[in-house]
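Here is the structure we will look at, set down as structure tokens.
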Amino acid sequence: MQLELRHLRTLRAIADQGSVTKAAAALGVSQPALTAQLRRIERLLGGAVFTRDHRGVTATAFGEFVLARARAVLAGVDDLLAAGPDELAGKEIRAGSFEHPVVVPLVDRLAAALPEARITLQTEHFVRVLVDMVANGRLDVALVADYPDHELRPNPSFGMGVVAVEPVFVAVPASHPLAVREELELADLAHEPWVVPPSDGMGWPEHLLEACERAGFAPRARYQLVEAGVRRELIGSGHAVSACQAHYEPGERVAVLPLRGDPLWMRQVLIWRHSLAAHAPALLEAARAAHTSVAARGAAYAAWLGSRGRKVGEHDGLGGRPL
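Residue numbering for the sequence shown follows the working numbering, starting at 38 and increasing by one per position.
The structure is reproduced here in structure tokens:
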């Protein structure tokens with residue numbers, strides 16, 4: 038007996054359904070037949086993939102190893118079967134992104150790059166979810182973010198390309214004495230209350246906390262939230278400071294300032310399912326064009342670029358620490 042794709046699909050179905058009985062119904066076979074097949078597959082693999090109890094099945098440590106690779110193989114095979122000269126005609130392309138001003142122009146640019154397809158969008162604060170959704174085939178393309186020492190690694194389940202690397206700035210109340218400066222030291226904010234979000238699974242706020250530690254302090258994270266509107270209100274009303282994207286819009290009550298020495302960085306990375314590999318250059322071009330259009334509107338970011346002799350639209354590290 039040799040391991041075949043149907044065996045991998047069987048294991049995936051059992052894992053997805055959570056029980057052999059439910060998987061048998063989904064696959065249109067009897068429960069005893071599926072149980073016997075599972076035993077043969079496990080003998081072939083040399084170990085138990087699942088443990089069973091009255092609640093259903095749970096993957097063993099070995100099973101998690103097998104299932105991760107089975108899903109990657111099946112995703113690749115499904116992409117190959119879907120590929121063809123007219124594979125995008127009338128197809129829904131499911132896009133995802135973290136929260137960023139680039140989201141709307143990104144959708145527009147993707148629609149222009151893939152005119153025969155229909156683009157849908159999902160945003161997530163927990164960026165790792167987007168990565169997992171592309172890897173598992175629930176999204177087709179996603180814009181994600183990572184950080185120094187927390188870089189997204191190549192994965193056999195998807196392709197990836199860098200869109201841009203940019204600094205992270207800070208937002209402070211416009212009424213704060215520090216707001217009149219052209220740039221701040223990170224340590225200038227050591228005694229301020231901070232808004233710090235929960236982890237996005239990709240290295241933020243871990244990168245912030247590590248940079249603060251190097252600057253000699255731990256930020257007083259008085260507020261932990263992801264809602265952009267509430268964060269802006271806290272800053273504008275003088276209750277907190279926050280790290281922010283370089284594109285973050287200043288306002289009457291909020292000042293956006295770069296940090297001296299650029300201790301904080303983020304990278305925008307586009308990832309895609311292998312079924313879109315032929316379109317990857319167009320997808321990357323679309324994402325970079327969307328980034329450039331947003332960067333051109335950000336006064337603080339444009340000033341930062343100009344101070345370093347850079348132009349909006351250069352995507353090779355932007356003159357600072359490369360990731």
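In this text, a Cβ means the ideal position worked out from N, Cα and C, and glycines have one as well.
Item, Value
"Just to check my reading of the structure: Val30 and Ala277 have Cβ atoms closer than 8 Å, yes? What is that Cβ distance to the nearest angstrom?", "Lying outside 38 to 360, the shown extent of the chain, residue 30 is not represented and no answer is given."
"Could you tell me if Asp237 is buried or exposed, where buried requires 16 or more neighbouring beta carbons within 10 angstroms of its beta carbon?", "buried"
"Where Glu129 and Arg146 are concerned, what is the direct C-alpha to C-alpha distance, given to the nearest angstrom?", "15 Å"
"Looking at the secondary structure, which residues open and close the alpha helix (DSSP H) in which Val166 lies?", "164 to 172"
"Counting Cβ pairs, one atom from each stretch, are 3 or more of them under 8 Å apart for the stretch 209 to 220 and the stretch 283 to 301?", "yes"
"What residue does the alpha helix (DSSP H) around Ala224 start on, and which one ends it?", "That residue, Ala224, is in no alpha helix (DSSP H); it is neither H nor E in DSSP."
"Gly196 lies in the alpha helix (DSSP H); which residues open and close that run?", "From DSSP, Gly196 is part of no alpha helix (DSSP H) but of the beta strand (DSSP E) over 196 to 210."
"Kindly indicate the opening and closing residues of the alpha helix (DSSP H) around Ser134.", "Not the alpha helix (DSSP H): Ser134 falls in the beta strand (DSSP E), residues 129 to 134."
"Straight-line CA distance for Pro138 to Ala340?", "18 Å"
"Taking Gln159 and Leu176 to be in contact with their CB atoms under 8 Å, please state how far apart those CB atoms are, rounded to whole angstroms.", "7 Å"
"Quick check on the DSSP output: what are the complete alpha helix (DSSP H) runs of length 4 or more inside the stretch 223 to 286, in order along the chain?", "243 to 251, 265 to 273"
"Span of the alpha helix (DSSP H) holding Asp53?", "42 to 54"
"Count the other CB atoms within 10 Å of the CB of Asp183; is the residue buried (16 or more) or exposed (fewer)?", "buried"
"Pairs of beta-carbons, one from the stretch 81 to 91 and one from the stretch 38 to 48, closer than 8 Å: are there three or more?", "yes"
"Please classify Ser67: is it buried, with 16 or more other beta-carbons within 10 angstroms of its beta-carbon, or exposed?", "exposed"
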